[in-house]
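These notes are about the structure you will find just below.
Residue numbers (the working numbering): 21 to 906.
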């Protein structure tokens, strides 16, 4: 017995552009633009009569039986953008019984307008009234035409067809989602004890490059959400800061309830816990299975937001509004939604593409150059393996893509780079989708878009690299292997390296010195790819793809050495510009995420290596002298070298520290015979081992000297780097710097926050403020600093009154007022914020008769006794007291 579970549909040849043209002409004759029905207010008075008009009901009945997802049908609409919009209308109108009346008439008006603009305007006016009607707008067509209380005439027209659909195409009458269908067949034995079956799912989606999507005049999001009367949006926190108001205004302008769910989307947040939060929030909003969620963000949000939608109700549709290059041409339209976990990249996931992907380059204006650069890697992979014309366009554009942020920054619309950038985005997206959508469920591994992604997962998190830089390293190495195989020429190999180097992408990284991570990634990737390595690399020429299926451990190690020698000959010795997450203001996954090597059971690397015939020795036996472990040698070193050095009453004696930890308050700080905290050479050594300050800080020092101001008031390079890194570690968004001087501390904080962060700094001395303002103006990150030239006591009091909040508050103004600033800071501090008081140890080194010495000592004791906080005093430069609320 064989049963086919497929829909019976109208013949494919019926549904063509001519079909829609004839419908428009016939409807205009039966329902002219001057008809009183179209002018009826409210529209409910006319709706029943309009549904009963013969050209309309014949059209709707016919189209409800269409095999709308059929490739033969689609081929008839593949000429122009307008033709493709008709194909999209066909796919929607297939489900006319389940479309809200507002959406149905809106789609009909767009169809009619393609063939008759004047008549389309008249019909659109009526459609707008239906869309705005609180009752009719969200009401499904079937509730008007075939419900118990529908008019007998409409039930007679539409009811018979509904019965037909129930038996032959239930998707059209009772769809779970109007964006997917399934079909299959079942074959069973006579006694049904053995059953064989085949099942398939067909999914429809639309992808479009747009401009000014948040302008109220743009109706693309309105057309989706107006019929539903609300939009539930999952939004990247950074995007909410930049475009939250614009989103609010857009939906308010169209009278759509906008319910926004905001999440932090650093690379380290691409975790199953974030997906769980989204799921809980979607449930809290009671999102329906036919209600597309709006996902707004870059690559991380595309992955986790799409994954949450895949899990919620097992299949909830979503619209992807792409705001970055990675999401715009790769993660956004991708069916592969995912998140990291257990130390692995993308270990959890589902195949669930958006129903609509919108990429608007205007969002690129607010991207950091480093984010632009890393996104270009995803375009290069498609150029190398799918489209030689795209590769040539990338060579032509070069670093102008970074400088102009893909033609939207400091260049006019219609300029050469604007047109070229749009073409590059379009070609990349087309190549990606053609590769991905023909293999939606990843049922085979011939996937050109995985170029650069075979070995990079092994070192991306461990090295703290931006995804694009890890991929570019993988692409460079893959291109070298292709050259060695004789699949591309040496010239083509170097063209690939040059196009990546030209935009500042990495060709190499120091982590390549350790091949273990690459080999481990290859072993795991082979498992993931069904037992095949199947590494996509160029073959035949740039723009074509082949697959490398064998690479031994020995060959990997030797070719990695050879490749790095070649890469070192390129600019910057092959290193990328801002290659790490921390370089562009993102949290460093190498420090906050556990790397895969530490998440897998002990012995996995030995097992991996054994498959190559190169077993790896136990690390506990490999590094010690004559078989002794490192820990034995280290303990002997402590015994022989360090015990005697720490004997007696020294500050490093643990007993001494513990015994003095609870001392009572004293009137004076203890006697200290030195005028500085460190012995000569200590700070010099620390300076030499600290990241060097940029030219912006050298400029501050020069300007301070030129203005004849007291240079030691600057925090200096060690503390400056410390402040920057504290801001990065805290992922601070807003910092208050009390006491600007000439701006060193404020600018250090500015270097440590993202492009949308803010440093508010206060300075009362005009001479210092003038220098600071000048330095901020010329500094790369000076735009993040807001300088208030006023009395600090008054300023912080005003801030408390207006309810301002900060992640970090740095006290470095007049020390006699530290208590006042501290009390204000406790009110200004975010829940998990940090107070940092500078010069905290100067109570030791200032002269005995200096009132500041006494003030600092009293302040330190005051904080120590404050039960609201916990604190630690660090010996950084002249001492920094760190305080947080408990």
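For every residue, glycine included, the Cβ atom is placed at its ideal position computed from N, Cα and C.
Only a predicted model underlies this, so the values are computations on that prediction, with no experimental measurement involved.
Which full runs of the alpha helix (DSSP H) of 4+ residues lie inside the region 683-761, going along the chain? Entirely contained in the region 683-761, the alpha helix (DSSP H) runs reaching 4 residues are, in chain order, 702-708, 715-726, 736-750.
Expected contact under 8 Å - CB spacing of residue 937 and residue 229 to nearest Å: Outside the modelled stretch of the chain, which goes from 21 to 906, sits residue 937, for which no answer is possible.
Just tell me which of 199, 207, 238 has its CA closest to the CA of residue 222. The count along the chain shown starts at 1 and reaches residue 222 at position 202. It is 199 whose Cα lies nearest to the Cα of residue 222.
If contacts are defined as beta-carbon pairs under 8 Å, then residue 767 and residue 717 qualify, I think. What distance do you get, rounded to the angstrom? Within the chain shown, residue 767 is the residue found at index 747, counting from 1. Within the chain shown, residue 717 is the residue found at index 697, counting from 1. So it is a contact: roughly 7 Å between Cβ atoms.
Could you check which residue in 87, 50, 67, 94 has the C-alpha nearest to that of residue 74? Numbered from 1 along the chain shown, position 54 holds the residue referred to as residue 74. Ranking 87, 50, 67, 94 by Cα distance to residue 74 puts 50 first.
Nonlocal neighbours in the same chain, by C-beta distance under 7 Å from residue 476, ignoring five residues either side: Along the chain shown, one-based indexing puts residue 476 at 456. Cβ neighbours of residue 476 beyond the five flanking positions: 490, 491, 493, 494.
What does DSSP give as the partner residues of residue 250 in its beta bridges? By 1-based counting over the chain shown, the position of residue 250 is 230. Answer by DSSP bridge pairing, in chain order: 277.
Buried or exposed (CB count within 10 angstroms, at least 16 for buried), residue 637: Here residue 637 corresponds to residue number 617 of the chain shown, with the count starting at 1. Because residue 637 carries a pLDDT of 33, less than 50, the predicted location of this residue cannot be relied on, and no value is offered for it.
With DSSP collapsed to three states, give me the class of residue 203. Taking the chain shown and counting its residues from 1, the one referred to as residue 203 is at position 183. In the structure shown, residue 203 sits in a strand (DSSP, three-state: E or B).
Residue 189 to residue 113 span [Cα, whole Å]: Numbered from its first residue, the chain shown carries residue 189 at position 169. Numbered from its first residue, the chain shown carries residue 113 at position 93. Rounded to whole angstroms, the gap between the alpha carbons of residue 189 and residue 113 is 14 Å.
Alpha-carbon spacing of residue 622 relative to residue 887, whole angstroms: As a working note, residue 622 is residue 602 in the chain shown. As a working note, residue 887 is residue 867 in the chain shown. Residue confidence for residue 622 is low, a pLDDT of 28 falling below 50, so the modelled location carries little weight; the figure read from the coordinates is stated next. Cα to Cα, the separation comes out at about 44 Å.
Contact defined as beta carbons within less than 8 Å: I believe residue 861 pairs with residue 743. What is the distance between those atoms, to the nearest angstrom? On the chain shown, position 841 is the one that residue 861 refers to. On the chain shown, position 723 is the one that residue 743 refers to. Contact doesn't hold; Cβ gap of about 17 Å is too wide.
Work out the CA separation of residue 469 and residue 463 for me, nearest whole Å. Counting from 1 along the chain shown, the entry for residue 463 is found at position 443. Counting from 1 along the chain shown, the entry for residue 469 is found at position 449. C-alpha separation (whole angstroms): 15 Å.
Determine contact between the region 796-803 and the region 699-719, defined as no fewer than three beta-carbon pairs at a distance below 8 Å. Judged by Cβ distances under 8 Å, the region 796-803 makes contact with the region 699-719, as three or more pairs qualify.
Just to check, is the beta-carbon of residue 817 closer than 7 Å to a non-hydrogen atom of the ligand FAD? For the structure depicted, the ligand FAD is absent and the ligand set is empty, with no information on it obtainable.
Residue 731 versus residue 740 - alpha carbon distance: As a first step, residue 731 is located in the chain shown; it is residue number 711 there, counting from the start. As a first step, residue 740 is located in the chain shown; it is residue number 720 there, counting from the start. Between residue 731 and residue 740, the C-alpha separation is close to 14 Å.
Where the beta strand (DSSP E) through residue 542 begins and ends: Here residue 542 is taken as the residue at index 522 of the chain shown, counted from 1. Careful: residue 542 lies outside any beta strand (DSSP E), inside the alpha helix (DSSP H) at 536-548.
Around the Cβ of residue 87, are there at least 16 other Cβ atoms within 10 angstroms (buried) or fewer (exposed)? Within the chain shown, the letter at position 67 stands for residue 87. Around the beta-carbon of residue 87, 16 or more other beta-carbon atoms lie within 10 Å, marking it buried.
According to DSSP, is residue 365 helix, strand or coil? Within the chain shown, numbered from 1, the residue matching residue 365 stands at position 345. Looking at residue 365 - three-state DSSP - the assignment turns out to be strand.
I need the straight-line Cα distance from residue 80 to residue 281, nearest angstrom please. Counting from one through the chain shown, the residue named residue 80 turns up at place 60. Counting from one through the chain shown, the residue named residue 281 turns up at place 261. Taking the straight line joining both Cα atoms gives about 37 Å.
Find out if the Cβ-Cβ distance for the pair residue 472, residue 507 is shorter than 8 Å. As a first step, residue 472 is located in the chain shown; it is residue number 452 there, counting from the start. As a first step, residue 507 is located in the chain shown; it is residue number 487 there, counting from the start. Not closer than 8 Å, so no.
Please list, in chain order, all residues of the same chain as residue 437 whose beta carbon is under 6 Å from its beta carbon, the five residues on each side excluded. The residue labelled residue 437 in the question sits at position 417 within the chain shown. Contacts found: 420, 424, 427, 431.
What three-state label does DSSP hand residue 600 in the structure shown? By 1-based counting over the chain shown, the position of residue 600 is 580. Here DSSP, grouped into helix, strand and coil, assigns residue 600 to strand.
For residue 877, which residues from the same chain have a beta carbon less than 6 Å from its beta carbon, with the 5 sequence-adjacent residues on both sides left out? Within the chain shown, residue 877 is the residue found at index 857, counting from 1. Result list for residue 877: 689, 863, in chain order.
Among 218, 558, 484, nearest to residue 503 - alpha-carbon criterion: Indexing the chain shown from 1 puts residue 503 at position 483. Taking only the C-alpha atoms, the option nearest residue 503 is 558.
CA-to-CA distance, residue 343 to residue 192, given in whole angstroms: For the purposes of this step, residue 192 is taken as the residue at position 172 of the chain shown. For the purposes of this step, residue 343 is taken as the residue at position 323 of the chain shown. Each residue's Cα considered, the two are about 34 Å apart.
Look at the alpha carbon of residue 789 and the alpha carbon of residue 783, and state the distance between them as a whole number of angstroms. Taking the chain shown and counting its residues from 1, one reaches residue 789 at position 769. Taking the chain shown and counting its residues from 1, one reaches residue 783 at position 763. Residue 789 and residue 783 have their C-alpha atoms roughly 6 Å apart.
Have a look at 118, 347, 831, 337 and flag the residue whose alpha-carbon is nearest the alpha-carbon of residue 380. Sequence index remark: in the chain shown, residue 380 carries index 360 (1-based). Between residue 380 and the set 118, 347, 831, 337, the nearest pair of CA atoms involves 347.
How about residue 496 and residue 481: do their beta carbons lie closer than 8 Å? The sequence position of residue 496 within the chain shown is 476, counting from 1. The sequence position of residue 481 within the chain shown is 461, counting from 1. No, the pair does not count as a contact, with Cβ atoms beyond the cut-off.
I need the boundaries of the alpha helix (DSSP H) containing residue 240, first residue and last residue. Position 220 of the chain shown, counted from the first residue, corresponds to residue 240. From DSSP, the alpha helix (DSSP H) with residue 240 extends over 240-245.
Got a sec? Which residues, its chain only, sit under 6 Å from residue 383 by beta carbon, not counting five neighbours each side? Start at 1 with the first residue of the chain shown, and residue 383 comes out as number 363. If we look at residue 383 and ignore the five residues flanking it on each side, its Cβ neighbours are 343.
If we ignore side chains and look at the alpha-carbon of each, how far apart do residue 390 and residue 597 end up? In the chain shown, the residue the question calls residue 390 occupies position 370. In the chain shown, the residue the question calls residue 597 occupies position 577. Separation of residue 390 and residue 597 (C-alpha to C-alpha, rounded to the nearest whole angstrom) is 8 Å.
Check residue 233 in the structure and name its three-state DSSP category. Numbered from its first residue, the chain shown carries residue 233 at position 213. Shown here, residue 233 sits in coil according to DSSP, grouped into three states, outside any helix or strand.
Give the DSSP-derived three-state secondary structure of residue 529 in the structure shown. What you label residue 529 is simply residue 509 of the chain shown in a count that begins at 1. In this structure, residue 529 counts as coil in the three-state DSSP scheme.
From what residue to what residue does the beta strand (DSSP E) around residue 795 run? The residue labelled residue 795 in the question sits at position 775 within the chain shown. The continuous stretches of beta strand (DSSP E) do not include residue 795, which lies in the alpha helix (DSSP H) extending over residues 786-798.
Any chance the region 82-101 sits against the region 119-133, with 3 or more Cβ pairs inside 8 Å? The region 82-101 makes no contact with the region 119-133, as fewer than three CB pairs between them are under 8 Å.
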